[in-house]
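Input: a single structure, listed below in structure tokens.
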Amino acid sequence: MIHRPTYHNEQERKRQYRIALNFFNKKPERGVQLLTAWRFVDDSAESLANLLFGRRGLSKQMIGEYIATLHSTFHSCVLKYFIGQIDVRGMEVDVALRKAMQYFFLPKEAEKIDKIIQEFAQHYAKCNPKRTKQFRGGWDTIHMIAFAVIMLNTDLHSPNLK
């Protein structure tokens, strides 16, 4: 159970906010618990996604880890709302993917990367219906292309591969 503090002044409230954000940058789950318990954000996926998308100072690595959490309906909803805020209308897939990567870093696990890329592909297809029709498989083809671009880029910049 997290204690809900009573605030005596605005400075104290700002301090609590910074504490919660610092927790998020180290342990995202704990940071989110504090942000909701201390009423900086309500407990809806949309509200949390808005905070993660728009708040400077949050670790992009931790944002990526948090939104890609597996086997959680809530995290999947946060991911959907988060990705949904990225305007990819009228862009080629690679350009849209590059734009999306400005808001978070991909986690290291392939399964988590796939979860994010799948949501990205669905969002891209929704924002670009005419472009999506050019791909035979629709958003599934976009998913494969985006995932391949990520893997090739990873290989390109990997010091272990020659």
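So the sequence shown is numbered by numbering that gives the first Met the number 0: it starts at 0 and just counts up by one. The beta-carbon is built from N, C-alpha and C at its ideal position, and this holds for glycine as well. All values reported here derive from a predicted model rather than from experimental measurement.
* 6 Å Cβ shell around G62 - same chain, five flanking residues per side excluded -> The displayed chain sequence assigns Ile, not Gly, to residue 62. Cβ neighbours of I62 beyond the five flanking positions: L51 and F103.
* Asked: Should P27 go down as buried or exposed, given a rule of 16 or more other Cβ atoms within 10 Å for buried?
  -> buried
* To do: Look up R54 in the DSSP assignment and say whether it is helix, strand or coil.
  => coil
* Nearest-angstrom beta carbon gap, R88 and N127 [assumed within contact, 8 Å] -> 6 Å
* To do: Determine, using beta-carbon pairs with one atom in the region 66-85 and one in the region 93-108, whether at least three such pairs fall under 8 Å.
  => yes
* Can you check whether the CB of A99 is closer than 9 Å to the CB of V77? -> no
* **Secondary structure of L33, DSSP reduced to three states** => helix
* Asked: How many angstroms separate the CA atom of L69 from the CA atom of T131?
  -> 27 Å
* To do: Round the Cβ separation of F146 and D113 to the nearest angstrom and send it over; I've been treating them as touching at under 8 Å.
  => 7 Å
* For F134, I'd like the list of residues in its chain whose CB is within less than 7 Å of its CB, leaving aside the five on either flank, ordered along the chain. => T140 and I141
* Can R54 and L20 be called in contact, C-beta distance under 9 Å? -> yes
* Asked: Residues in its own chain within less than 7 Å of F73 by CB, not counting five upstream and five downstream?
  -> A44
* **Start and end residues, alpha helix (DSSP H) containing I18** => E9 to K25
* Within 9 Å, strictly: CB atoms of F39 and Y16 -> yes
* To do: Give the DSSP-derived three-state secondary structure of L78 in the structure shown.
  => helix
* Asked: Does DSSP put I85 in a helix, a strand or coil?
  -> coil
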